[in-house]
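This report concerns only the one structure given below.
Residue numbers (full-length UniProt numbering): 1 to 903.
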């Protein structure tokens with residue numbers, strides 16, 4: 001069979017929506033035939049053999065975009081020399097050194113020579129200043145060079161940390177994103193950042209944020225039918241992506257993706273390559289970074305199967321066929337153009353101003369003609385006048401330079417300027433007074449005539465003036481600051497806290513407040529079900545649930561609800577050796593629930609094999625607004641539908657109308673029953689620091705068959721169900737189970753928080769968890785202490801207290817609240833944003849608050865851009881937040897040590 005070339009795949013990924021679907025159908029005969037041409041299987045993926053992967057990388061390229069070349073040591077030396085203080089010292093030293101070698105001739109009238117000792121030692125002062133400048137420059141440059149090398153070495157070291165789910169040889173595996181290859185079948189889900197371009201094979205209500213590529217901020221719904229094209233973005237090689245090879249889903253580095261890979265995509269993924277959707281579930285993509293479209297785009301096999309790397313999965317899940325990786329993906333093409341544009345700009349800087357505008361336009365025209373994808377982006381530049389572009393670019397550079405300087409650097413620069421002005425004034429005044437006095441005494445009073453030998457006196461006066469200027473400028477100040485900061489940086493490296501720029505120490509040292517996430521930051525993020533409530537019985541870890549003692553139909557519902565209504569990329573891997581822990585892949589809460597299924601002696605994988613994702617009728621993916629996840633499956637024989645739902649317990653209970661009682665019979669679930677369960681089940685679990693999850697279900701039965709079924713909780717329907725009416729679908733549920741999930745506090749956290757508090761730094765917890773769970777964890781960490789007048793609030797009450805009658809945030813109300821607030825539970829991303837921004841904007845403190853933000857997960861990014869310091873856990877946050885913070889952790893918990901060392 002004829003194979004597909006790289007150029008053909010690159011051209012394919014330039015099509016959007018229905019055009020993409022039509023090209024796939026007409027030119028390649030559909031997605032299945034395209035898979036065959038790429039020698040991949042939509043269900044089992046490609047072979048995981050090294051030879052197969054090597055061939056695909058050779059033919060279609062590796063999933064890596066070449067990094068910018070590292071600055072040379074001499075370039076860093078030149079940058080260090082741009083400091084104003086050093087420039088003044090350097091000029092003064094050169095003048096002083098030059099004048100020290102001047103030997104005035106003897107006077108004809110026999111006057112004594114100048115002091116021989118002074119002439120011999122006059123060069124020492126200038127040389128000493130030059131040595132001081134050299135030491136400062138070399139220390140600064142060497143520190144920057146060393147840190148840059150360490151940073152790049154660290155990037156290479158953690159290449160395998162960020163993974164993506166792919167199916168190879170029929171098995172789902174977690175692979176680093178840089179190991180994705182064309183042809184991989186990748187699993188995609190809510191929250192994923194796509195590491196490659198691809199085509200949707202299967203999707204479940206998939207919506208994509210493509211704003212990073214297209215500029216469109218609305219989510220773009222993707223599906224096999226409508227818009228199967230997926231676009232990639234520039235991501236780091238340490239990320240991993242899920243692909244299917246030889247029937248197994250594995251996580252591979254993104255640079256190992258090859259054309260033909262079948263990739264799993266999900267919410268939150270950044271696509272590492274271009275691709276085509278094979279299957280999707282309500283998939284929505286944010287493609288604004290590539291296409292400029294601000295709407296979230298709904299993707300599906302039927303409508304829009306194209307997926308682009310670098311775009312975000314905002315809703316849904318599915319599988320994609322990897323079609324373009326690395327420099328051949330849409331992001332790679334744009335990055336290559338930007339690199340070329342950068343070189344053009346450097347050439348234009350050297351060109352004359354009269355020609356610069358014309359060259360800029362010509363270059364843009366040429367670059368736009370090179371690739372149709374980037375044409376719309378580059379045309380925006382052509383619409384502006386070249387002179388305005390020159391002016392604005394210069395202004396932007398000035399602003400960037402100002403932003404690059406820390407407070408300490410800015411103050412030192414200002415001090416150096418003021419000292420320079422003062423020193424210059426004194427030096428000029430000294431020279432003027434000496435010259436005036438000499439001229440007055442010799443030419444006016446004594447009446448002497450000017451002689452060329454008199455120049456030696458004027459040169460000596462100049463030397464005295466330069467000496468005054470040199471002495472006025474404190475040459476030891478830059479050296480002292482550089483050495484002290486370099487010492488702090490070195491000490492922080494021992495704590496696995498990488499500081500790329502030494503001025504970041506100052507920012508960290510100035511932190512007065514920390515807003516921390518709970519899960520994975522204060523806790524270990526290894527979750528286990530330790531308590532459960534079902535059929536009217538409360539089970540704890542000392543008396544676990546025994547599968548055989550549960551009603552068979554009830555037990556089947558529980559295992560199916562957990563196994564089906566969870567991301568299929570979430571898995572628990574048994575330990576390889578005795579004494580090792582179970583490996584949890586994917587969402588840790590789902591892994592805890594899957595572990596609960598295994599503890600019952602059942603296999604979740606068997607159930608998943610019976611109900612593949614492609615068989616799902618509808619998926620309501622979890623997000624911060626919905627606070628729940630729902631999956632709809634259809635019984636083809638009866639025409640009925642079953643909806644499985646899981647989510648936050650108190651929210652889910654409010655949606656439940658029925659419950660399975662102690663006699664394993666369905667009975668009404670009244671408000672009094674709900675209040676009793678909250679008081680006797682959920683609150684005790686939460687008080688033990690457990691995360692509570694409720695699992696429920698609902699059956700839709702055709703009206704014709706309804707008379708034959710005697711279940712109180714069945715919902716009859718005629719015609720069709722309005723699945724877009726979420727409120728109706730996800731209500732009137734039947735409660736199956738409530739579980740309490742344990743996530744222990746990290747052992748080092750309480751001591752670290754105590755040190756912060758002793759240093760005058762306020763630590764706050766901002767979490768989406770239950771208020772009782774959050775309060776229990778905060779107490780265990782030391783954030784809340786008995787006898788102290790601090791408060792813990794839920795997001796709803798927080799908003800009620802800080803907003804006025806018009807629903808707008810009142811800074812005065814926020815100022816009255818935040819000093820005592822220590823825990824914010826059930827917080828939405830917008831609540832976190834409002835809190836951080838409100839603390840920063842507040843004027844009630846004597847000095848402005850500097851907020852450090854820690855956290856994980858996709859929603860953290862909305863608040864990180866408002867925090868001066870943005871630290872995060874390496875496992876989830878490195879690729880998302882590294883651009884926001886120049887001081888970065890290389891271990892799990894280093895923020896506190898970083899602040900202490902910075903001080």
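C-beta: ideal position from N, C-alpha, C; glycine also.
Computed from a predicted model, the values in this text were never measured in an experiment.
- Residue environment analysis places residue 679 among the exposed positions, since fewer than 16 neighbouring C-beta atoms fall within 10 angstroms of its C-beta.
- Under the three-state reduction of DSSP output, residue 169 falls in the strand class.
- Within the same chain, Cβ atoms closer than 8 Å to the Cβ of residue 450 are found at 443, the five residues on either side in sequence being excluded.
- Contact check for residue 224 against residue 167 fails: the beta carbons are separated by 8 Å or more.
- Taking 8 Å as the cut-off, the beta carbon of residue 143 is found no closer than this to the beta carbon of residue 239.
- Where residue 814 is concerned, the enclosing alpha helix (DSSP H) starts and stops at 811-817.
- Here the stretch 805-814 makes contact with the stretch 833-843; the two share three or more CB pairs at distances below 8 Å.
- Taking 8 Å as the cut-off, the beta carbon of residue 206 is found no closer than this to the beta carbon of residue 271.
- Per DSSP, residue 765 is one residue of the beta strand (DSSP E) stretching across 762-766.
- Look at the stretch 633-719 and you find these whole runs of beta strand (DSSP E), each 3 residues long or longer: 641-648, 656-660, 666-668, 691-702, 715-717.
- Counting along the chain, residue 278 sits inside the beta strand (DSSP E) bounded by residues 273-286.
- By the neighbour-count definition (other C-beta atoms within 10 Å, threshold 16), residue 69 is an exposed residue.
- Under the three-state reduction of DSSP, residue 328 is assigned to helix.
- The beta carbons of residue 313 and residue 285 sit closer together than 8 Å.
- Restricting attention to 512, 255, 57, 128, the CA atom closest to the CA of residue 762 is found in 512.
- Across the structure, residue 633 and residue 562 are spaced so that their CA atoms are roughly 13 Å apart.
- Taking residue 594 as the centre and dropping the five residues before and after it, the same chain places the C-beta of 562, 563, 566, 570, 571, 572, 604 closer than 8 Å to its C-beta, in chain order.
- DSSP places residue 210 within a strand segment (E or B) once states are collapsed to three.
- With 16 or more other CB atoms across the displayed protein chains lying within 10 angstroms of its CB, residue 764 is buried.
- Between the stretch 572-581 and the stretch 547-558, the count of Cβ pairs shorter than 8 Å is below three; the stretches do not touch.
- Rounded to the nearest angstrom, the gap between the Cα atoms of residue 202 and residue 697 is 24 Å.
- Residue 488 counts as buried, since at least 16 other C-beta atoms from the protein chains shown sit within 10 angstroms of its C-beta.
- Distances from the alpha-carbon of residue 654 to those of 514, 627, 852, 432 put 627 closest.
- The alpha-carbon of residue 659 is positioned some 6 Å away from that of residue 667.
- Contact between residue 317 and residue 188 holds, with the beta-carbon distance rounding to 6 Å and staying under 8 Å.
- For residue 90 and residue 79, the gap between their C-alpha atoms comes out near 14 Å.
- In this structure, the beta-carbon distance from residue 740 to residue 692 falls below 8 Å.
- Straight through space, the alpha carbons of residue 416 and residue 846 are spaced by roughly 27 Å.
- In this structure, residue 280 lies near residue 200, with their beta-carbon atoms less than 8 Å apart.
- With contacts defined by Cβ atoms closer than 8 Å, residue 183 and residue 333 do not form a contacting pair.
- Sequence-distant partners of residue 817 (beyond 5 residues in either direction) whose C-beta falls short of 7 Å from its own C-beta, in its chain, are 801, 802.
- Counting along the chain, no beta strand (DSSP E) covers residue 561; the unbroken alpha helix (DSSP H) around it starts and ends at 552-564.
- Closest in C-alpha terms to residue 721, from the list 754, 101, 642, comes 642.
- Take the alpha-carbon of residue 586 and the one of residue 251: they are about 11 Å apart.
- Sequence-distant Cβ neighbours of residue 656 in its own chain, meaning closer than 6 Å and more than five residues away, are 669, 696, 733, 735.
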